[in-house]
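So the sequence lines, in the order shown, correspond to chains A and B. Add 322 to a position in the first sequence, counting from 1, and you land on the number used in our numbering. Add 322 to a position in the second sequence, counting from 1, and you land on the number used in our numbering. Scroll down for the structure; my scribbles are underneath it.
2 protein chains.
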Amino acid sequence: MSTESRIPLFIPEVAAPAAGDRKLGSARLTRVSSADRWLLRAFLRAMGSPAVRVVLWNGESVCAAGAPAAAAVQVPDRRTLLRLMSHPELAFGEAYTDGRLRVDGDLVELLEALYRVPVSPWAERLLRRPPRPHANTLRGSRHNIHRHYDLGNDFYRLWLDARLVYTCAYFPTPAVSLEDAQLAKMEHVCRKVGLQAGERVVEAGCGWGALALYMARQHGVSVRAFNISTEQIAYARAQAQKEGLAGRVEFIEDDYRNVSGQYDAFVSVGMLEHVGMDHYRDLGRVIDRCLPAHGRGFLHTIGRNRPLAFNAWTEKYIFPGAYPPTLREMMDVLEPYSFSVLDVENLRLHYATTLRHWLARFERASDRVASMFDDRFVRAWRLYLAGSVAAFSTGSLQLFQVSFARPLHNAIPWTRAHLYQ
Amino acid sequence: MSTESRIPLFIPEVAAPAAGDRKLGSARLTRVSSADRWLLRAFLRAMGSPAVRVVLWNGESVCAAGAPAAAAVQVPDRRTLLRLMSHPELAFGEAYTDGRLRVDGDLVELLEALYRVPVSPWAERLLRRPPRPHANTLRGSRHNIHRHYDLGNDFYRLWLDARLVYTCAYFPTPAVSLEDAQLAKMEHVCRKVGLQAGERVVEAGCGWGALALYMARQHGVSVRAFNISTEQIAYARAQAQKEGLAGRVEFIEDDYRNVSGQYDAFVSVGMLEHVGMDHYRDLGRVIDRCLPAHGRGFLHTIGRNRPLAFNAWTEKYIFPGAYPPTLREMMDVLEPYSFSVLDVENLRLHYATTLRHWLARFERASDRVASMFDDRFVRAWRLYLAGSVAAFSTGSLQLFQVSFARPLHNAIPWTRAHLYQ
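Structure (structure tokens):
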């Protein structure tokens, strides 16, 4: 579409170092002063003394903790160091994307080391500082979603599973393959929602349509699935045709706020992250409007233990407008309409595992990705995937699955044993 | 203890009708005016037009709904009618307790009919009106707990299970006996907490000690269990001696705010209702203080879908100081300390079933109860138990079990399948 195609899909170059920083080898530029060291040590302490090593531009190492460092960050110049200390997340991401800042050792381990330690209140203010400018109005959401999900289905095909499921999988055991784990996730969701053949389901934010097609195929329901990503909807429609399910699964290119009609179940997997806190009541109103007295609902989202925006770099370059809610914040969707929360499951370790699969596939396809985009894009997405592994494995991010129903609906499952049979 | 023994344990008589209302048969008093009828109909509409019949003092019936009435409320005089319309919950409970207001038909069905319909905003303001005067300070909590839990172990023995478990049971299937369901509940809790032999557990609000003893006996842990009910602690200590567990289970007559030491797990079943919203952060601080990096926690509480105090009569006569939180409100305990919610299960239908067992046993023992207290006490407790059945069966009250852990603790169960094996 004409308005969206003007939005840049690539990672723009920012804060490129002054030419002199690397090219001139003058003593003034390469010298590491005692002020540099003092500042860096104070900064590392404020960051919770993570088990990382910082290698400065003269080759000198600075460590915060006594513990052995997982990996090392190579800081190329004073300008990068100062920017890291004033906008840690943004500067790290930008310098890493540009290739100016390099990591020696395992990137996931480095990021885990950073996430594992509690930062000081001062550093927390620093980390929370950047405002989020990406409003999730009807128009803003289209822009935000287009930036991430319309990078091309060929790109996502390189590293997602065969069905292009781009949300946390469910591994009955950790060794299960990614393909099987995505199937198991879809079945887990269907059981939680208690789908019965012949029922009508609405799905808000359906990605490439895998869950909608699974529900129709395996559970005999009819589905109306909404999404504002042009490329995803086109793919999903073609898939429905191919599988002979076009009569029972309708893919609609529209915003969740425009969902109409009544359904037996409301399902949303991986959309709430993109709704934004300001619009939780809108979403609640939509769910309230479309569920009758026996209606059930299901929300699956990345979340937090305490209120905190996404990493500033992620929000700026990867997921504009996104926000991971706490369980308390999620209740802004459900509480105003008296929905009854029946079940909450936190699958954060499953998301860490899912992301490890994605990262490994992405690395194997990195040459193809570089030829589709460029090396800066490869580095940005490597950082995003590695950072996500680290965030879930250290409990900085959570994955909440919330099942709910109308308060008077008593035909709810007696126990949860049926999820495990 | 001297200060507590002065607290009245019985239901005080209130709002006795003027002698003339029933004794004088004058036309002025027994006549039902068109204003009475008009007011009552308007009131019933505001209450959501419940499927109940109101029989007035002249024998005339007034119904709100077209639907057949579940049961009838006999209103003895105009004064009671007017009081019902200005303080519905309080007046109903008081007049029922006094024996002035009678119910024809099944009390649970009548109350379910009342709970099942949505009240008007005006009626909701009326229902929310009474302030709650029972502060949960250290001293206030002792008073509040004493009023309910120190009614005498002999009384509770008449209608609870053999182990005196006075919280929602867990019925693997609805037909399981109450005794087995309480055992199943204790096992369910232990599995959710992931107890390992040799671990140390702290329990806040331990009732008569059944869970603490179960954890030590069946899972080989040592337990420090806190409670401010004198009678319950005395019973629990005797029980620990009898079972030879006194060396591993320590029952402490003290407030949860005074819990000290470090433990592998924090468990609290049926205490949060008595903590009061003002003190959720205190409770969170206690949990934060006593759990190390691998610590796990568990909270089991009566709750709501949206913020609403207990029924005014219940709060005044049955559970002074109690409040059933929403899931959002519960997060005030956990979110400030970054606890990671792993699992929430809503067992409201299990509590309705538990309460039906208690009510049936209570009815069978009602003559004994009357001889221990009086008929007013029997009616008050009948109303409390029947009202609780109705509240849980209609989704007015919820039962939340919330499992949580420290954010960095990765030795959490991979799935929840182990709860169902």
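C-beta atoms are modelled at their ideal positions from N, C-alpha and C, and glycine is treated no differently. Computed from a prediction, not measured in an experiment: that's the story for all the values here.
Relative to the C-alpha of residue i, which candidate in the options has its C-alpha closest?
i: Arg728(A); options: Arg401(A), Gln563(A) and Ala615(A); result: Ala615(A)
i: Asn580(B); options: Val425(B), Leu460(B) and Gly542(B); result: Leu460(B)
i: Asn627(A); options: Ala713(A), Leu741(A) and Arg405(A); result: Ala713(A)
i: Val498(B); options: Leu721(B), Ser725(B), Gly566(B) and Asp483(B); result: Asp483(B)
i: Pro496(A); options: Asn549(A), Leu669(A) and Ser693(A); result: Leu669(A)
i: His456(B); options: Arg450(B), Leu449(B), Tyr659(B) and His465(B); result: His465(B)
i: Leu664(B); options: Leu432(B), Gly381(B) and Gln723(B); result: Gln723(B)
i: Asn475(B); options: Ala560(B), Tyr602(B), Ser408(B) and Ser463(B); result: Ala560(B)
i: Val523(A); options: Val711(A), Ser660(A), Arg546(A) and Trp360(A); result: Arg546(A)
i: Glu657(A); options: Arg607(A), Phe548(A), Tyr437(A) and Gly583(A); result: Arg607(A)
i: Asn479(B); options: Lys564(B), Arg570(B), Glu553(B) and Gly427(B); result: According to the sequence displayed, residue 479(B) carries Arg and not Asn. Selected option, being the one with the closest Cα: Glu553(B).
i: Val571(B); options: Arg603(B), Ala538(B), Met593(B) and Ala556(B); result: Ala538(B)
i: Phe477(B); options: Leu613(B), Trp680(B) and Pro443(B); result: Trp680(B)
i: Leu404(B); options: Leu361(B), Val376(B), Val374(B) and Val441(B); result: Leu361(B)
i: Val511(A); options: Glu431(A), Asp428(A), Asn549(A) and Val666(A); result: Val666(A)
i: Arg424(B); options: Val376(B), Pro647(B), Ala445(B) and Leu621(B); result: Val376(B)
i: Arg450(A); options: Pro629(A), Phe684(A) and Leu649(A); result: Pro629(A)
i: Gln720(B); options: Pro647(B), Asp697(B), Trp736(B) and Leu730(B); result: Pro647(B)
i: Trp379(A); options: Pro398(A), His740(A) and Ser371(A); result: Pro398(A)
i: Pro390(B); options: Ala435(B), Ser544(B), Ala692(B) and Phe684(B); result: Ala435(B)
i: Asn458(A); options: Glu595(A), Val374(A) and Tyr488(A); result: Glu595(A)
i: Asn732(A); options: His731(B), Phe573(B) and Thr716(B); result: Thr716(B)
i: Leu610(A); options: Ala634(A), Glu411(A), Phe726(A) and Ile624(A); result: Inspection of the sequence shows that residue 610(A) is occupied by Asp rather than by Leu. Nearest option by C-alpha distance: Phe726(A).
i: Phe632(A); options: Ala503(A), Val384(A), Tyr418(A) and Leu412(A); result: Leu412(A)
i: Tyr602(A); options: Gln584(A), Leu621(A), Gly617(A) and Tyr585(A); result: Leu621(A)
i: Arg353(B); options: Gly381(B), Ala373(B), Thr623(B) and Ser371(B); result: Gly381(B)
i: Gly421(A); options: Leu707(A), Asp696(A) and Ser710(A); result: Asp696(A)
i: Val515(B); options: Ser463(B), Gln743(B), Ile734(B) and Ala562(B); result: Ile734(B)
Could you tell me which chain B residues have their CB closer than 9 Å to the CB of residue i, listed as they occur along the chain?
i: Trp736(A); result: Phe493, Pro494, Thr495, Pro496, Leu671 and His672
Could you work out which residues of chain A lie near residue i, taking near to mean beta carbons separated by less than 9 Å?
i: Arg650(B); result: Leu649, Arg650, Glu651, Met652, Met653, Asp654, Leu656 and Glu657
i: Asn549(B); result: Going along chain A, no residue has its Cβ under 9 Å from Asn549(B), so there is no contact; the nearest lies around 29 Å.
i: Tyr602(B); result: The premise fails here: Tyr602(B) is roughly 12 Å from chain A at the closest Cβ pair, so nothing lies under 9 Å.
What residues are listed by DSSP as bridge partners for residue i?
i: Ser544(B); result: Arg522(B)
i: Leu433(A); result: Looking at the DSSP assignment, Leu433(A) forms no beta bridge with any residue, so it has no partner.
i: Ile624(B); result: Leu721(B)
i: Glu572(B); result: Arg546(B)
i: Asp426(B); result: Ala394(B)
i: Glu667(B); result: Asp665(A) and Gln723(B)
i: Ile384(B); result: The amino acid occupying residue 384(B) in the given sequence is Val; Ile does not appear at that position. Paired residue(s): Val376(B).
i: Thr648(A); result: Arg626(A)
i: Val591(B); result: His622(B)
Would you mind telling me which residues of chain A sit closer than 8 Å to residue i, beta carbon to beta carbon, in chain order?
i: Gly520(B); result: The contacting residues do not exist; Gly520(B) stays about 25 Å from chain A at best.
Check the Cβ of residue i against every Cβ in chain A and list those closer than 7 Å, keeping chain order.
i: Pro390(B); result: What Pro390(B) touches in chain A: nothing, since even the nearest Cβ is about 18 Å away.
i: Ala708(B); result: Simply none; closest approach about 18 Å.
i: Asn475(B); result: Those within 7 Å of Asn475(B) in chain A number zero; the least Cβ separation is about 31 Å.
i: Asn380(B); result: Under the 7 Å cutoff, chain A gives no residues; its nearest Cβ is about 35 Å from Asn380(B).
Quick one: list the residues of chain B neighbouring residue i, beta-carbon separation under 8 Å, in chain order.
i: Pro729(A); result: Asn627, Thr716, Gly717 and Ser718
i: Asn668(A); result: Ser662, Val663, Leu664 and Asp665
i: Asn466(A); result: The contacting residues do not exist; Asn466(A) stays about 27 Å from chain B at best.
List the residues of chain B whose Cβ lies closer than 7 Å to the Cβ of residue i, in chain order.
i: Ala739(A); result: Tyr742
i: Asn458(A); result: In chain order: nothing, as chain B lies at least about 21 Å away.
Is residue i near the ligand GTP - that is, is its Cβ less than 7 Å away from at least one heavy atom of it?
i: Phe632(B); result: Judged by which ligands are present, the structure shown has none, so any question about the ligand GTP falls away.
Is it a yes or a no for the segment 582 to 593 of chain B touching the segment 526 to 539 of chain B, going by three-plus beta-carbon pairs under 8 Å? yes
Does the segment 634 to 650 of chain B come into contact with the segment 702 to 715 of chain B, if we say contact requires no fewer than three beta-carbon pairs (one atom in each stretch) closer than 8 Å? yes
Using a Cβ-Cβ cut-off of less than 8 Å, give me the residues of the segment 605 to 627 of chain B that come near chain A, in sequence order. Asn627
Residues, ordered as in the chain, of the segment 427 to 446 of chain B that lie near chain A by beta-carbon distance below 8 Å: Arg438
What are the residues of the segment 632 to 648 of chain A that lie near chain B, defined by any Cβ-Cβ distance shorter than 9 Å? Thr648
Stretch pair the segment 365 to 374 of chain B + the segment 442 to 451 of chain B: three plus CB contacts closer than 8 Å: yes
Which residues, in order along the segment 559 to 587 of chain B, keep a beta-carbon less than 7 Å from a beta-carbon of chain A? none
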